[in-house]
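K.L.:
Okay, handing you the structure first.
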Amino acid sequence: MAENYPENMTELNKQYLEEQRRDPTITKQQLIRRAVADAFQDFLSEAEEGHYDSGKLVGNEIQVFGINQKLRHVIKPMGTSFESDFEKDGAKLMWYLEEQANKTIK
Numbered sequence: 001m002a003e004n005y006p007e008n009m010t011e012l013n014k015q016y017l018e019e020q021r022r023d024p025t026i027t028k029q030q031l032i033r034r035a036v037a038d039a040f041q042d043f044l045s046e047a048e049e050g051h052y053d054s055g056k057l058v059g060n061e062i063q064v065f066g067i068n069q070k071l072r073h074v075i076k077p078m079g080t081s082f083e084s085d086f087e088k089d090g091a092k093l094m095w096y097l098e099e100q101a102n103k104t105i106k
């Protein structure tokens, strides 16, 4: 597991059990969406060597906004949704998010 977010379903299931103790209404889908958003932002900040642009998971895409709050890029999931991508192969999704973050800064 990355420092702040799960990278696959095994890690997510463990986090889900822990989170459910604090918030019984939390869903796996919410945790997956949070993990995708957090992972992409970490990859983007690393690629930019600082937090300049912000990635926001909106619906079924990640929208990347510049420091002036203008939309710079839109990233679509590999398949039908980021949630299904994560469930199918979390590691592959992490590689994809990192690759997309690197493309965003070029």
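Sequential numbering from 1 applies to the sequence shown in the numbering used here. Where a beta carbon is used, it is the ideal one built from N, C-alpha and C, also for glycine.
#1: Would a C-beta distance cut-off of 7 Å place H73 and T27 closer than the cut-off?
#2: For G55, does the count of other Cβ atoms within 10 angstroms reach 16, so buried, or fall short, so exposed?
#3: Can you name the start and end residues of the beta strand (DSSP E) that E61 belongs to?
#4: Give me, in chain order, the residues of the same chain whose beta-carbon lies closer than 8 Å to that of Y16; leave out the 5 immediate sequence neighbours on both sides.
#5: Would you be able to state if there are at least three C-beta pairs under 8 Å between the stretch 88-100 and the stretch 36-45?
#6: Looking at the unbroken alpha helix (DSSP H) that takes in I32, where does it start and where does it end?
#7: First and last residue of the beta strand (DSSP E) that includes K56?
#8: Closer than 6 Å by C-beta to S81: which residues in its own chain qualify, once you throw out the five before and the five after it? Chain order, please.
#9: By how many angstroms is the C-alpha of V36 removed from the C-alpha of M78?
P.N.:
Concretely, from the data shown:
#1: no
#2: buried
#3: 61-65
#4: I26, K28, L31
#5: Touching, yes.
#6: It spans 28-48 - the alpha helix (DSSP H) in which I32 sits, taken as one unbroken run.
#7: 54-58
#8: N60
#9: The C-alpha of M78 lies about 13 Å from the C-alpha of V36.
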